[in-house]
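Below is one structure, written out as structure tokens; the observations come after it.
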Amino acid sequence: MDRKVLKMATAVILVLTFLIPCTIRRMPDMHEQYALAEEIRSAPILQTHAKASVAPENVVKESNTLNGQLKIEIPQGTDGSGIKVSEDYVTQTIYIKVATDVRDYFSEYDISGSSDKIASLQYYNEGGNGVIAISMNRLYEFTYKLEKGALYMDFIDPHDIYDKVIVIDAGHGSRMSGATKNGIQEKDINLDIVLQLKALFDAYDGNIGVYYTRTDDSNPTLQQRAELANKAGADLFISVHNNSSGTGNFTSVNGTQVLYSESDDRELGSKKLAQICLDNVTAATGSNDFGLLKADDIYIVRSSEAPVALIEVGFMTNRDELAKLADPEYQKTAAQGIFNAVLEAVKEGY
Ligand SMILES: [Zn+2]
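Here's what the structure looks like:
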């Protein structure tokens, strides 16, 4: 063979040996950018209720004698059993269900106090009840008491209750399955791991408040997921996903990869959190360390005000790893790794 051809061939091989591993490393997470971009494109237009929202200044009579409380008049004769109060943290909405058939509550009953924590209010009838929906401008916990024909509500910043506030996100959900391999859907593995993680936090006696974007097969929008972290003023935001190869075909590629926000340049920021997650998950599961990846191209990563880590626990496109990821015992070790990561991050001062 000609020397020149040989030289060329060597050069080509050299370039290829360098390029191929780079491509492999870059490719496998591509589904995530694609899957999450698709969720933004196909997000339903949210309509919480047909009834129009009302601005707080049009409903709430400002009163500074109530010390930040909200006083809601209720129909005469309604006792505690006729009232149910609940909160949807994902939309920061507090629902007060009153056993009444009143059609236009806001014109018939007074709401007074401070409106500065309220974004908007709605009233509608549902199943024989009247529902007052109070959409808050941040995430607040609430307490209430019933006294002399009125409900007195207090809204509490979670940071006044907990030492640390964290938000955990199980990726995808409902008709958005994420990656699918051999009939196993990523959304289900993500949720199973998060539910195991929830069991660990529920049993934990430290003072950490944890909010979840979902604990069932629902699919909050990406905006709602990021907003939950932002409106809770979360100290940490962790999203749980699973990976697949760029083509979606089975390959030998396996391991844990953690995505972070490269625009977060805080010392205790996204990158360091991602490394803590990677170290703890690989230690707990024994999975391969597949490294960190810049991910500002992913909406929830770039939109999070809190330090964020998006953990790709393993590759569904690796036969052995897929079998593990579908196994509750392995999911438990992954959950333990994430739990350990949160405790380490808190110890580091996050
Ligand atoms: Zn995913």
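Note that my numbering has the sequence shown beginning at 804, numbered continuously upward.
Glycine is no exception: its CB is placed at the ideal position from the N, C-alpha and C atoms.
Since N1045 and V1116 are thought to touch, with beta carbons under 8 Å apart, how far apart are those beta carbons, to the nearest angstrom?
Looking up residue 1045 in the sequence shown gives position 242. Looking up residue 1116 in the sequence shown gives position 313. Confirmed, about 5 Å.
Coarse secondary structure for A1006, derived from DSSP in three states
Counting from 1 along the sequence shown, the entry for residue 1006 is found at position 203. Secondary structure of A1006 (DSSP, three-state): helix.
What I want to know is whether the C-beta of F876 ends up closer than 8 Å to one or more non-hydrogen atoms of ligand 1.
Residue numbering aside, residue 876 sits at position 73 when the sequence shown is read from its first letter. It should be noted that the sequence gives Glu, not Phe, for residue 876. False, no ligand heavy atom lies under 8 Å from that Cβ.
Rounded straight-line distance, which links the Cα of I875 to that of S866:
Here residue 866 refers to the residue found at position 63 of the sequence shown. Here residue 875 refers to the residue found at position 72 of the sequence shown. Approximately 12 Å between the Cα atoms of the pair.
Among Y955, I935, F1142 and Q1078, whose alpha-carbon lies nearest the alpha-carbon of G1204?
Nothing about residue 1204 can be reported from this structure: the residues present for the chain run from 804 to 1153 only.
Helix, strand or coil: which one does DSSP assign to N1091?
One-based indexing of the sequence shown puts residue 1091 at position 288. N1091: coil per DSSP, three-state reduction.
Rounded to a whole number of angstroms, what is the C-alpha to C-alpha distance between E1124 and T1059?
Counting from one through the sequence shown, the residue named residue 1124 turns up at place 321. Counting from one through the sequence shown, the residue named residue 1059 turns up at place 256. Within the model, the alpha-carbon separation for E1124 versus T1059 is close to 10 Å.
Here's the rule I'm using: 16 or more other beta-carbon atoms within 10 Å means buried, otherwise exposed. How should I781 be labelled?
Since the displayed the chain opens at 804 and closes at 1153, residue 781 lies outside it and no answer follows.
Determine, using beta carbons only, whether L942 and K1034 come nearer to each other than 9 Å.
Position 139 of the sequence shown, counting from 1, holds the residue named residue 942. Position 231 of the sequence shown, counting from 1, holds the residue named residue 1034. Yes, these two residues count as a Cβ contact at 9 Å.
Please state the DSSP three-state secondary structure of E1108.
The sequence position of residue 1108 within the sequence shown is 305, counting from 1. In this structure, E1108 counts as coil in the three-state DSSP scheme.
Distance, Cα to Cα, L1025 vs E842?
Within the sequence shown, residue 1025 is the residue found at index 222, counting from 1. Within the sequence shown, residue 842 is the residue found at index 39, counting from 1. Computed Cα separation, rounded: 7 Å.
Could you check what DSSP says for F909 in three-state terms: helix, strand or coil?
Looking up residue 909 in the sequence shown gives position 106. F909 carries a helical assignment under DSSP once its states are collapsed to helix, strand and coil.
Report all residues for which the CB-ligand distance to some heavy atom of ligand 1 is below 6 Å; order them along the chain.
By the rule of a C-beta closer than 6 Å to any heavy atom of ligand 1, the residues picked out are E835, A838, G974, H975, G981, E989 and H1044.
Other residues of its chain near V1149: CB distance less than 6 Å, five sequence neighbours each side excluded
Within the sequence shown, numbered from 1, the residue matching residue 1149 stands at position 346. Same-chain partners within the cutoff: K967.
Let me know the secondary structure DSSP gives F1040 once reduced to three states.
Translated into positions along the sequence shown, residue 1040 becomes position 237. Strand.
To the nearest angstrom, how far is the alpha carbon of L1076 from that of Q1139?
Here residue 1076 refers to the residue found at position 273 of the sequence shown. Here residue 1139 refers to the residue found at position 336 of the sequence shown. Answer to the nearest angstrom: the Cα atoms are 16 Å apart.
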